[in-house]
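Scroll down for the structure; my scribbles are underneath it.
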Amino acid sequence: MSARLLGTLGVAGAVLSVLLIGAQHLADPSIDPARSTISAYGLGGFTPLFDAGVLALAIGSACVLAGGVRSGLVPVRSAAAVGFATWVAALLLVVAFEKVDWSVGATPSGLVHLYAGLVAFVALPVAVGALARLRWGPGWPVLAAVAAVAALLWLSPFVIGVVSAPWTGVPWWRFVPIGLVQRGLALTEVVAVVIVALWVRTRETAELEGAR
8 MSARLLGTLG
18 VAGAVLSVLL
28 IGAQHLADPS
38 IDPARSTISA
48 YGLGGFTPLF
58 DAGVLALAIG
68 SACVLAGGVR
78 SGLVPVRSAA
88 AVGFATWVAA
98 LLLVVAFEKV
108 DWSVGATPSG
118 LVHLYAGLVA
128 FVALPVAVGA
138 LARLRWGPGW
148 PVLAAVAAVA
158 ALLWLSPFVI
168 GVVSAPWTGV
178 PWWRFVPIGL
188 VQRGLALTEV
198 VAVVIVALWV
208 RTRETAELEG
218 AR
């Protein structure tokens, strides 16, 4: 399979993910997007739709990684490759283990889901930032760097909430509108995946044109 096709599949997976998970909010407007996490969609009657959305993103991201390696954009032994692989693996764990239902209490499965989500949110901007630094120059590297920085900025309110909790007495999950910030972070990371996918596509296209 060509890198160009893998990049296309990466874009398709990311877009499909947004459509599937976005449709859940329309189907279940009782979930508050400002205060409820995205994973809350996985506890209702639309769990298969949530799982399909996350799987679409994981498969699409795996295609982007494979395309990046195939085109020579992403070295196998690099922080970018490790970060992308970690992101994909963490997304698969998010699907495999059900979210914590805090009205019932924490469960081992729910805690795996929680920490896998945290790892995923951190791993992707690290991977994309490392790739941008590795291939620095005008164009796609700049866009990738901007997306990575934007994702890390979305993460900063959570960090501030955790650090300030002993002094403010406010739990980190109430320090910010967790649902709103998480959705902004998730959308930014989906955009980052699309940027790298398009980068993979254009890299192979440029190489093919240069070989003519």
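When you line the sequence shown up against this note's numbering, it's residues 8 to 219, in that order.
Don't be surprised by glycine CBs; every beta carbon is placed ideally from N, CA and C.
- Rounded to the nearest angstrom, the gap between the Cα atoms of Arg142 and Gly52 is 44 Å.
- The residue among Phe91, Ala34, Leu194 and Pro178 with its C-alpha nearest the C-alpha of Val126 is Phe91.
- A distance below 8 Å between beta-carbons, with the five flanking residues on each side excluded, links Leu192 to the following residues of its chain, in chain order: Phe128, Ala158, Trp161 and Leu162.
- Looking only at Ala88, Thr175, Gly146 and His120, the smallest Cα-Cα distance to Ala69 is reached by Ala88.
- Inclusion of Val200 and Gly67 in the CB contact set at 8 Å is warranted, their separation being smaller than that value.
- Nearest neighbour of His120 by Cα position, chosen from Gly74, Ala47 and Trp180, turns out to be Ala47.
- Judged by DSSP in its simplified three-state form, Glu196 adopts helix.
- Here the alpha carbon of Pro178 sits roughly 19 Å from the alpha carbon of Arg190.
- By the C-beta density criterion, Val166 is exposed, having fewer than 16 other C-beta atoms within 10 angstroms.
- Annotation: Ala10 to Arg210 spans about 9 Å, alpha carbon to alpha carbon.
- Contact between Ile28 and Gly74 fails: their C-beta atoms lie close to 23 Å from each other, not under 8 Å.
- By the neighbour-count criterion, in which a residue is buried when 16 or more other Cβ atoms sit within 10 angstroms of its Cβ, Trp94 is buried.
- Each residue's CA atom was taken as its position, placing Val71 and Ala65 some 10 Å apart.
- Runs of the beta strand (DSSP E) spanning 3 or more residues and lying entirely within the stretch 70-146 do not occur at all.
- Judged by DSSP in its simplified three-state form, Asp58 adopts helix.
- In summary, Val149 is exposed, with fewer than 16 beta-carbon neighbours lying within 10 Å of its beta-carbon over all protein chains present.
- For Val177, there is no enclosing alpha helix (DSSP H), since its DSSP letter is neither H nor E.
- Contact annotation: Ala123 and Val153 have beta-carbon atoms that are not nearer than 8 Å.
- If you check the CB distance, Thr54 and Gly186 do not come in under 8 Å.
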